[in-house]
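Taken in order, the sequence shown gives residues 44 to 345; the numbers are from our numbering.
A virtual CB, placed ideally from N, CA and C, is assigned to each residue, including glycine.
Here the structure is laid out as structure tokens; the discussion comes afterwards.
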Amino acid sequence: MTYSYRTAVELLDLVEKTGLSLAEIAVRGETEIGNQTREELLARMTDYYGRMKSSVAKGLAITQRSQSGLSGGDARRVLEHSEKSQVSALGTTFERSLAYGLAVLETNAAFGQIVATPTAGSAGIAPACLLAWQETRGASDEDTAMGLWTAAAVGKIIGYGACFSGAQGGCQAEVGSACSMAAAALCELDGGTPKQVIQAAAMALKNTLGLICDPIGGYVEAPCSKRNALYTLHAFGASTLALSGVESVIPFDEVVGALREVGRTMPRVYKETAEGGLAITPTGLKFRPDQIVVPLEARKKG
Ligand code: SF4
Numbered sequence: 044m045t046y047s048y049r050t051a052v053e054l055l056d057l058v059e060k061t062g063l064s065l066a067e068i069a070v071r072g073e074t075e076i077g078n079q080t081r082e083e084l085l086a087r088m089t090d091y092y093g094r095m096k097s098s099v100a101k102g103l104a105i106t107q108r109s110q111s112g113l114s115g116g117d118a119r120r121v122l123e124h125s126e127k128s129q130v131s132a133l134g135t136t137f138e139r140s141l142a143y144g145l146a147v148l149e150t151n152a153a154f155g156q157i158v159a160t161p162t163a164g165s166a167g168i169a170p171a172c173l174l175a176w177q178e179t180r181g182a183s184d185e186d187t188a189m190g191l192w193t194a195a196a197v198g199k200i201i202g203y204g205a206c207f208s209g210a211q212g213g214c215q216a217e218v219g220s221a222c223s224m225a226a227a228a229l230c231e232l233d234g235g236t237p238k239q240v241i242q243a244a245a246m247a248l249k250n251t252l253g254l255i256c257d258p259i260g261g262y263v264e265a266p267c268s269k270r271n272a273l274y275t276l277h278a279f280g281a282s283t284l285a286l287s288g289v290e291s292v293i294p295f296d297e298v299v300g301a302l303r304e305v306g307r308t309m310p311r312v313y314k315e316t317a318e319g320g321l322a323i324t325p326t327g328l329k330f331r332p333d334q335i336v337v338p339l340e341a342r343k344k345g
């Protein structure tokens, strides 16, 4: 029996044959390609989750702006607001996930350790969702880290079918993938069926299609940090839709195909070049180290 797959259809077929969860299939697949035992792999993922939590804690302690001046102190601001606020439209879980998503990117901007999930620029979404989920449910680190295996199971399909790189596919490939992986994790942790987990991944991913990569000044800080915060809500939402029985009209594998297609045809200026979108707004340009305004003709060639 092999646990390899490249598409959601193949993954769900494996689930059907084995009766295993997506997370468990990801674990077993990893034992096939490496030399680590199941126990070693589980311990390693729990360790990664611990590092993620540390990156959240470090970010929440930051009070200064980063060297670029683009981020810093916002995670703490949101958490303090959440703790003091008498009235909350979102609820504590979502407010904390916003703060945690910001925190990881602020840690990254301060040259602290983060766990790329799947990239540095999108490293806040999965930790923020899982930590907010864990605090609400009172789950152990080991149980919560199983969500990372679910995220990995879905991420593998995106990696095979499209890409994770903002330079290759725009922010939809980074933040969109992270959001999709986090939605799947939340859905499986909350008892969703394998089909619902894939639905959550599909709904999260398809609603990020077209998201461009336009880092202000070329720094992975803005709009990155706010996207990491706000797309945690998106992940929770997609999981809730799937758990409610709502289905994506477009199957996950086809959404991944659309991600690849949109990324392929997206102009170069929206692929981490800082030559389009928010990066070339009048305010965005002030953060550009060289202050170069890209000529319109050059942008049209992108
Ligand atoms: S805007 Fe670009 S650098 Fe920032 S998170 Fe998105 S893909 Fe990454």
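- In the DSSP assignment, no residue is bridged to C214.
- Residues Y203 of the same chain have their beta carbon placed closer than 6 Å to that of R49, with the five preceding and five following residues left out of the count.
- Under the three-pair Cβ rule at 8 Å, the region 240 to 249 counts as touching the region 291 to 311.
- Between the alpha carbons of R139 and C214 lies a distance of about 23 Å.
- Fewer than three Cβ pairs drawn from the region 74 to 89 and the region 215 to 234 lie within less than 8 Å of each other, which leaves the two stretches out of contact.
- Residue burial is scored here from C-beta neighbours: V312 has at least 16 other C-beta atoms within 10 angstroms and is therefore classed as buried.
- If you ignore the 5 residues before and after E149, its C-beta comes within less than 6 Å of the C-beta of G102, I105, S114, G115, A118, all in its own chain and listed in chain order.
- The continuous alpha helix (DSSP H) containing A175 extends over residues 168 to 180.
- Beta bridge pairing from DSSP links C256 with K314.
- Annotation for I68: the continuous alpha helix (DSSP H) segment containing it runs 65 to 76.
- Within a 10 Å sphere around the beta-carbon of R71 sit 16 or more other beta-carbons, which makes this residue buried.
- Closest in C-alpha terms to S97, from the list I241, G280, A171, comes A171.
- With a cut-off of 8 Å, the C-beta of T308 is classified as distant from ligand 1, since no heavy atom of the ligand falls inside that distance.
- In this structure, ligand 1 has no non-hydrogen atom nearer than 8 Å to the beta-carbon of E149.
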